[in-house]
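First comes the structure, then the notes that go with it.
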Amino acid sequence: PRSTYIADQILVTPEISTLNLSDVPVILVESGNMRNAADAARMSSPSGQQQYADWITAGIRAALRR
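Per the working numbering, the very first residue in the sequence shown carries number 3; after that it's consecutive.
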């Protein structure tokens, strides 16, 4: 579902130090919305965290095969 807490605004910030100042390749993964009850429950549980880790790992492996 679409978020409603920033309305129709687009939030843009150049202050992503982890990405901008890194000397090695970096990725930023936004995996869910803690204001969404289903997302929060998944991200807070060990099994949900394992699912996210598995999905991210699968995505990285798929990208490396290209």
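By construction, the Cβ of each residue, glycine as well, lies at the ideal position given by its N, Cα and C atoms.
- If you draw a straight line from the Cα of E32 to the Cα of N22, it is about 17 Å long.
- Exclusion of the five residues before and after M36 leaves A42 as the residues of its chain whose Cβ lies within less than 6 Å of its Cβ.
- Here the alpha carbon of Q51 sits roughly 16 Å from the alpha carbon of L30.
- The three-state reading of DSSP puts S19 in helix, counting H, G and I together.
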